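A quick write-up on the structure given underneath.
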Amino acid sequence: MPSPDLGIYPTIPPQRVDKSGLSVREDVLYTDAKGRGKNSLRKRAEGVMEDLGDVLRRVLEPNETIFYIGAAQAMPTFAAQFFGGGWHIYSLPRTLLFITERRIVALRVRKRLSRWAWDRGIRSVRWGDMQDTAPGGFLTRYLTLKFRNGEKQAYWRFASGDLRKIRLLIDALRPHGSGETTAAGAMVSLCPACFATLVPKTYQCQSCGLQFKDEKTLLRRGILIPGGASFYVGATALGVVRSIGESIFLLIVLVLLMGTIAPPGDPKDTAGEFAGALFVLGILVVDKSVAIAYSRPQIRDFLPVK
Numbered sequence: 040m041p042s043p044d045l046g047i048y049p050t051i052p053p054q055r056v057d058k059s060g061l062s063v064r065e066d067v068l069y070t071d072a073k074g075r076g077k078n079s080l081r082k083r084a085e086g087v088m089e090d091l092g093d094v095l096r097r098v099l100e101p102n103e104t105i106f107y108i109g110a111a112q113a114m115p116t117f118a119a120q121f122f123g124g125g126w127h128i129y130s131l132p133r134t135l136l137f138i139t140e141r142r143i144v145a146l147r148v149r150k151r152l153s154r155w156a157w158d159r160g161i162r163s164v165r166w167g168d169m170q171d172t173a174p175g176g177f178l179t180r181y182l183t184l185k186f187r188n189g190e191k192q193a194y195w196r197f198a199s200g201d202l203r204k205i206r207l208l209i210d211a212l213r214p215h216g217s218g219e220t221t222a223a224g225a226m227v228s229l230c231p232a233c234f235a236t237l238v239p240k241t242y243q244c245q246s247c248g249l250q251f252k253d254e255k256t257l258l259r260r261g262i263l264i265p266g267g268a269s270f271y272v273g274a275t276a277l278g279v280v281r282s283i284g285e286s287i288f289l290l291i292v293l294v295l296l297m298g299t300i301a302p303p304g305d306p307k308d309t310a311g312e313f314a315g316a317l318f319v320l321g322i323l324v325v326d327k328s329v330a331i332a333y334s335r336p337q338i339r340d341f342l343p344v345k
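If you use this note's numbering, the sequence shown corresponds to residues 40 to 345, in order.
Shown next, in the form of structure tokens:
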């Protein structure tokens with residue numbers, strides 16, 4: 040197991056201290072990638088620990104030490120970015136990456152005014168299950184984590200300087216924790232109630248029985264309820280927008296179909312109304328399909344039933 044006093048900067052000695060019941064490395068947590076102390080980093084890190092201290096004290100193992108805290112967001116697929124648009128992407132929760140001497144802990148969070156609120160999502164990967172990292176992007180930088188079982192997880196929307204610092208720490212800590220592996224060989228989701236490892240696509244914790252939202256309900260609500268897919272994953276504002284749009288499309292379809300069963304008129308007009316109804320219906324189907332496809336990864340990231 041890597042030492043919590045492992046040196047990161049050759050000229051700066053390890054400084055491990057206790058902060059409200061959390062073990063932290065001040066020489067790393069409050070400095071940038073070059074080891075320069077930053078008041079902004081100190082203020083940000085201490086704010087995060089104040090907001091999320093309760094869950095951190097529960098999920099971190101005895102003597103596990105926080106080296107750094109980085110803000111990011113799980114990166115959507117290319118298709119989701121292309122078809123979803125920015126308003127979809129920015130409806131997603133953020134992720135806070137906690138780098139420790141043993142692993143990376145990723146907490147799913149949302150911003151409530153000036154405070155971070157835990158969204159009851161948590162993922163973790165041991166250093167021994169990390170195979171490699173790959174930075175990418177031009178206008179927007181991102182980082183892909185590659186795992187021992189061949190899976191990948193990409194993060195983007197890093198705060199200024201975080202990407203470089205996180206890569207530095209991964210390169211420094213991963214070799215020392217290569218013997219710490221799990222059966223999954225990858226990043227795993229943990230139950231927010233008991234912190235047991237969750238089984239992918241199994242929407243009930245096998246340890247404590249906590250229920251999570253599931254894909255069948257997503258599909259049913261996405262089809263039958265205007266904006267239902269977005270509402271189901273907690274994207275309320277996006278759901279309202281989709282609900283209005285889908286309701287308008289559905290109303291147009293009904294009006295056009297009513298025109299086809301009205302008293303007989305010009306056959307050409309009837310055919311045109313029917314074709315118009317099919318066209319608008321096609322737009323509605325595509326919109327619902329995109330909403331369901333975009334919401335499915337969030338379901339697979341385990342959203343507890345409230």
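Glycine included, C-beta positions come from ideal geometry on N, C-alpha and C. Keep in mind it's a predicted model, so treat the numbers as computed, not measured.
State the DSSP-derived secondary structure class of residue i, mapped to helix, strand or coil.
{"i": "residue 228", "result": "strand"}
{"i": "residue 313", "result": "helix"}
{"i": "residue 216", "result": "helix"}
{"i": "residue 413", "result": "Nothing about residue 413 can be read from this structure; the chain reaches only from 40 to 345."}
{"i": "residue 105", "result": "strand"}
{"i": "residue 337", "result": "helix"}
{"i": "residue 76", "result": "strand"}
{"i": "residue 137", "result": "strand"}
{"i": "residue 270", "result": "helix"}
{"i": "residue 329", "result": "helix"}
{"i": "residue 251", "result": "strand"}
{"i": "residue 236", "result": "strand"}
{"i": "residue 84", "result": "helix"}
Less than 9 angstroms between the beta carbons of residue i and residue j, yes or no?
{"i": "residue 140", "j": "residue 40", "result": "yes"}
{"i": "residue 137", "j": "residue 95", "result": "yes"}
{"i": "residue 221", "j": "residue 165", "result": "yes"}
{"i": "residue 250", "j": "residue 148", "result": "no"}
{"i": "residue 341", "j": "residue 242", "result": "yes"}
{"i": "residue 185", "j": "residue 198", "result": "no"}
{"i": "residue 240", "j": "residue 162", "result": "no"}
{"i": "residue 133", "j": "residue 180", "result": "no"}
{"i": "residue 223", "j": "residue 247", "result": "no"}
Please report the distance separating the alpha-carbon of residue i from that of residue j.
{"i": "residue 347", "j": "residue 336", "result": "The displayed coordinates of the chain run from 40 to 345. Any statement about residue 347 would go beyond what the structure contains."}
{"i": "residue 80", "j": "residue 69", "result": "5 angstroms"}
{"i": "residue 332", "j": "residue 170", "result": "29 angstroms"}
{"i": "residue 61", "j": "residue 89", "result": "10 angstroms"}
{"i": "residue 315", "j": "residue 155", "result": "47 angstroms"}
{"i": "residue 72", "j": "residue 191", "result": "24 angstroms"}
{"i": "residue 152", "j": "residue 44", "result": "35 angstroms"}
{"i": "residue 97", "j": "residue 193", "result": "26 angstroms"}
{"i": "residue 57", "j": "residue 329", "result": "47 angstroms"}
{"i": "residue 262", "j": "residue 278", "result": "13 angstroms"}
{"i": "residue 167", "j": "residue 42", "result": "15 angstroms"}
{"i": "residue 229", "j": "residue 290", "result": "43 angstroms"}
{"i": "residue 47", "j": "residue 135", "result": "21 angstroms"}
For the candidate residues the options, whose alpha-carbon lies nearest to that of residue i?
{"i": "residue 431", "options": "173, 174 and 145", "result": "Because the chain spans 40 through 345 in this model, residue 431 falls outside it and cannot be assessed."}
{"i": "residue 273", "options": "113, 130 and 59", "result": "130"}
{"i": "residue 86", "options": "97, 59, 103 and 66", "result": "59"}
{"i": "residue 320", "options": "296, 279, 334 and 330", "result": "296"}
{"i": "residue 318", "options": "107, 292, 210 and 298", "result": "292"}
{"i": "residue 84", "options": "325, 248, 64 and 168", "result": "64"}
{"i": "residue 103", "options": "52, 216 and 112", "result": "216"}
{"i": "residue 282", "options": "294, 298 and 260", "result": "260"}
Measure from the C-beta of residue i to each C-beta in chain C and report whether the shortest distance is under 9 angstroms.
{"i": "residue 79", "result": "Any reference to chain C falls outside this structure, which holds one protein chain only."}
Using 8 angstroms as the cut-off, classify the Cβ of residue i as near or not near the heavy atoms of the ligand MN, replying yes or no.
{"i": "residue 169", "result": "The ligand MN is absent from the structure shown, which contains no ligand whatsoever."}
Return the chain-ordered ranges of every beta strand (DSSP E) run that is complete within the segment 141-198 and spans a minimum of 3 residues.
You should have 142-151, 154-165, 169-175, 181-186 and 191-195.
Segments of 3+ residues assigned as beta strand (DSSP E) that fall wholly inside the segment 40-68:
The beta strand (DSSP E) runs of length 3 or more contained entirely in the segment 40-68 are, from start to end of the chain, 55-58 and 61-64.
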